[in-house]
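Taking this note's numbering, I'd label the letters of the sequence shown as residues 105 to 298. Here a beta-carbon is modelled for each residue, glycine too, at the ideal position from N, C-alpha and C. Values in this document were obtained by computation on a predicted structure and should not be read as measured data. First up is the structure itself, then whatever we jot down about it.
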Amino acid sequence: MEDARAGDAAAFGRLARRVEPLVRRWALVRTGDPVRADEVVQSVLLRAHGHLSDFRGEARLETWLYRITANEAATLERKRGRPTMSLDRLGEEAVPVGEAAPAAAGADRADEIDALYAREVAGLVRAFFRELPDRQRQVFDLVDLQGHAAAEIAEILELSPSTVRVTLLRARRQIRARILEMHPELEEGYGRGL
105 MEDARAGDAA AFGRLARRVE PLVRRWALVR TGDPVRADEV VQSVLLRAHG HLSDFRGEAR
165 LETWLYRITA NEAATLERKR GRPTMSLDRL GEEAVPVGEA APAAAGADRA DEIDALYARE
225 VAGLVRAFFR ELPDRQRQVF DLVDLQGHAA AEIAEILELS PSTVRVTLLR ARRQIRARIL
285 EMHPELEEGY GRGL
């Protein structure tokens, strides 16, 4: 980091390669479109390169990059208009919700059924993820899909930890309600695969 801040192009290249997947994921969650996400990633890396000397280390690098990503995505949305999020375009890797591994050879029938159930529930979560409001989608992704703590997310999104928890609760409830609306038969087993 210090070498990159001092102007070492190779050091910045290594830093950019390390953070690019994370920035791409954030951009994809914000824009819902891989092409627009690529534009945001390029813009974020250019802005980070140009302003690396401004990074004082008071916040974590990830926090600083998340803020740049959020700002660049918002700027792109204003220029082009808000896109319609399409999970078909996002692909399953963009929203890796609890995918179950295929059952191992010799596994008993109950394990195979549980694995199938987990894949179906994960598919439903992916389908309803796109319906969440922006803030809920961001918090759900950062906490439930990426595994960050509420305090970390509060810092990244500049929210209080309690606001993060409430937003996450609302996102989970909305996804649960949509799943049960479409598949009321899951009421009894809801949560096994989540």
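- DSSP places Ala113 in the helix class (H, G or I) of the three-state scheme.
- Going by C-alpha positions, Phe244 is about 10 Å away from Gly251.
- Put simply, the backbone Cα of Gln242 is about 12 Å away from that of Ala258.
- Between Ala177 and Val144, the CB-CB gap stays under 8 Å.
- Our two residues, Pro138 and Leu132, have alpha carbons roughly 6 Å apart in a direct line.
- A direct Cα-Cα distance of roughly 8 Å separates Trp168 from Ile260.
- Your pair Arg134 and Thr173 checks out as a contact, with CB atoms roughly 7 Å apart and the cut at 8 Å.
- The closest CA to that of Ser157, considering only Arg164, Met105 and Gly136, is found on Met105.
- By the neighbour-count criterion, in which a residue is buried when 16 or more other Cβ atoms sit within 10 angstroms of its Cβ, Arg182 is exposed.
- Residue environment analysis places Ser264 among the exposed positions, since fewer than 16 neighbouring C-beta atoms fall within 10 angstroms of its C-beta.
- Cα atoms of Asn175 and Val148: separation of roughly 9 Å, rounded to the nearest angstrom.
- Of the candidates Ala255, Arg140 and Ala231, the residue whose Cα lies closest to the Cα of Ala163 is Ala255.
- Inclusion of Phe233 and Ile283 in the CB contact set at 8 Å is not warranted, their separation being larger than that value.
- In the three-state reduction of the DSSP assignment, Arg151 falls in the helix class.
- Contact between Arg269 and Gln240 is absent: CB atoms are separated by about 12 Å, not below the 8 Å threshold.
- Distance from the CA atom of Leu236 to the CA atom of Asp142, rounded to whole angstroms, is 22 Å.
- Of the residues Glu289, Thr267 and Gly154, the one whose Cα lies closest to the Cα of Gly111 is Gly154.
- Ranked by Cα distance from Arg151, the first of Gly161, Arg171 and Ala281 is Arg171.
- Of all alpha-carbon atoms in Glu166, Ala281, Ala231 and Gly227, the one lying nearest the alpha-carbon of Leu246 is that of Glu166.
- Around the beta-carbon of Ala113, fewer than 16 other beta-carbon atoms lie within 10 Å, marking it exposed.
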